Amino acid sequence: MFAFCLAKDAHIVARWADNLGTELWELANEIARPEELLEKYKSMNTRVEDKSGEELVSIISENVGRMLRRKMDAITCIRIAAEAAAEDWDESLVDGNFSYVSGKCSPLSGFNSTEDDQCVTRNVSVYREIELTADSHFYNIPVNTSYSSVHIPTNVFDLTQEVVEDIARTELLDDTFRQNYESDPALSWQYFGSVTGVLRHYPAMQWRTSIEDDDDEPPADLYDCRMRSWFIEAATCSKDMVILMDISGSMTGMGKTIAKTTVSSILDTLSNNDFVTLLKYANETTELVPCFKDMLIQATPENIDTFKKSMGNIKTDGIANTTAALTKAFRLLKTYRESRGCDSDTPCNQLVMLVTDGIPENLTE
């Protein structure tokens with residue numbers, strides 16, 4: 126009886142499978158219409174051919190390589206033009222009639238004012254009018270491919286001498302930007318950033334900050350090209366860093382707050398090419414993150430975030446033993462120098478950042 130039930134159930138399941146398979150086959154034929162596709166292919170005189178996988182990979186590799194070489198050529202042209210502009214620069218070229226195209230403050234053509242309220246209190250005559258047209262090549266963002274525009278960080282005054290000179294000097298890059306775009310239509314945005322915070326971007330566009338759904342007004346513009354990974358990696362070399370954070374009793378209150386902000390800012394300047402650890406010290410020197418003991422950790426966004434979150438649990442107490450903290454930091458750096466075989470011919474870039482409210486003794490020795 127038991128065997129009979131199994132056989133009966135198996136027969137039912139097999140029938141279900143046949144019915145389901147038939148329905149799926151009919152549905153696929155109705156939607157895909159393979160016969161019509163075959164007729165279309167025949168009318169276009171198409172044929173089936175075997176393709177070599179290695180040949181396809183080689184073709185794709187060649188096309189990608191060609192595309193990357195074009196982008197590298199564009200970057201090289203910008204670099205050469207920037208170096209020439211800096212070398213031939215004459216400060217007398219900047220006179221009292223200085224003006225530029227600002228992504229944040231330049232008024233749009235046909236409008237009386239800019240959307241940035243901060244620009245109202247500034248010398249509006251400095252900002253040239255900008256005319257923008259939606260361009261499908263730039264995702265239908267209104268741009269002007271005739272020239273570039275400039276972004277200045279909110280905490281940088283754009284009319285200081287150094288900033289004005291950088292703005293005027295980099296304006297000479299517009300010809301190179303246009304030539305790059307004309308020679309490679311697949312090229313999109315082009316940028317040049319300077320140590321003063323000047324970011325020149327081509328084509329010109331109106332700088333906007335993203336608005337969240339629950340925000341009534343645009344948030345503050347916190348963008349600074351000098352804090353972006355592409356700028357940091359280009360402007361600095363890879364390095365090993367040990368950050369020593371004083372958590373003695375004297376750091377209680379505002380001192381601790383300033384120290385945490387300082388360390389957070391230092392961590393933001395690091396990139397994936399850097400290795401770092403964060404040590405807290407008072408009577409003793411210990412790792413802020415216990416699992417990073419005696420290690421320099423790659424400065425990935427995840428690890429940087431771990432360091433920042435760990436600072437929330439810091440408690441200040443005791444007396445600062447700076448000598449012991451520096452000794453541990455130098456020993457750790459020495460270990461990594463030796464493991465990497467660094468010497469006078471192949472030096473390592475290493476540094477110690479000391480964050481404290483004061484050093485009560487001479488630590489020269």
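The sequence shown begins at 126 in our numbering and counts up by one. For glycine and all other residues, C-beta sits at the position ideal for the given N, C-alpha and C. Bear in mind that the values here come from a model prediction, so they are computed numbers and not experimental data.
The C-beta separation of Tyr-252 from Ser-271 comes to about 17 angstroms, leaving the pair out of contact by the 8 angstroms criterion.
Around the C-beta of Ile-368, 16 or more other C-beta atoms lie within 10 Å, and the residue is accordingly described as buried.
It is roughly 19 angstroms from the alpha-carbon of Tyr-348 to the alpha-carbon of Ile-266. Looking at the backbone, the Cα of Ser-217 and that of Asn-408 are separated by about 57 angstroms.
About 15 angstroms separates the beta carbon of Ser-389 from that of Ile-357, a gap too long to meet the 8 angstroms contact definition. By the Cβ rule, the stretch 398–406 counts as touching the stretch 442–458, because three or more pairs are nearer than 8 angstroms.
Counting the other CB atoms within 10 Å of its CB gives Thr-411 a total below 16, which places it among the exposed residues. Apart from sequence neighbours up to five positions away, the residues of its chain that approach Ser-319 with a beta-carbon distance below 6 angstroms are Asp-291, ordered along the chain.
Counting C-beta pairs closer than 8 angstroms gives three or more between the stretch 220–234 and the stretch 272–290, which meets the contact rule.
In the DSSP annotation of this structure, the continuous segment of the beta strand (DSSP E) that includes Tyr-406 starts and ends at 400–406. Lys-381 is classed as buried because its beta carbon has at least 16 other beta carbons within 10 Å across all chains shown. For the 9 angstroms CB-CB criterion, Leu-421 and Met-478 do not form a contact. Annotation for Pro-159: the continuous alpha helix (DSSP H) segment containing it runs 159–168.
DSSP lists Lys-405, Val-480 as the beta-bridge partner residues of Met-370. In the DSSP assignment, Tyr-327 falls within the beta strand (DSSP E) that extends over 324–327. With contacts defined by Cβ atoms closer than 9 angstroms, Gly-322 and Arg-351 form a contacting pair.
With at least 16 other beta carbons inside 10 angstroms of its own, Ile-203 counts as buried. For the options Leu-324, Val-480, Tyr-166, Ile-383, the alpha carbon positioned closest to that of Val-288 is the one of Leu-324.
Under a 10 Å Cβ-count criterion, Leu-392 is classified as buried, with 16 or more other Cβ atoms of the shown protein chains found around its own Cβ. Taking C-beta atoms as the reference points, Gly-378 and Asp-442 fail to come closer than 9 angstroms.
About 4 angstroms separates the beta carbons of Ser-234 and Glu-256, which is inside the 8 angstroms limit, making them a contact pair. Counting other Cβ atoms within 10 Å of its Cβ, Pro-328 reaches 16 or more and is therefore classed as buried.
Nearest to Ser-435 by C-alpha distance, out of Ile-444, Val-182, Pro-415, Ala-449, is Pro-415. Going by C-alpha positions, Arg-333 is about 16 angstroms away from Thr-258. Checking the DSSP bridge columns, you'll see Leu-233 partnered with Ile-255.
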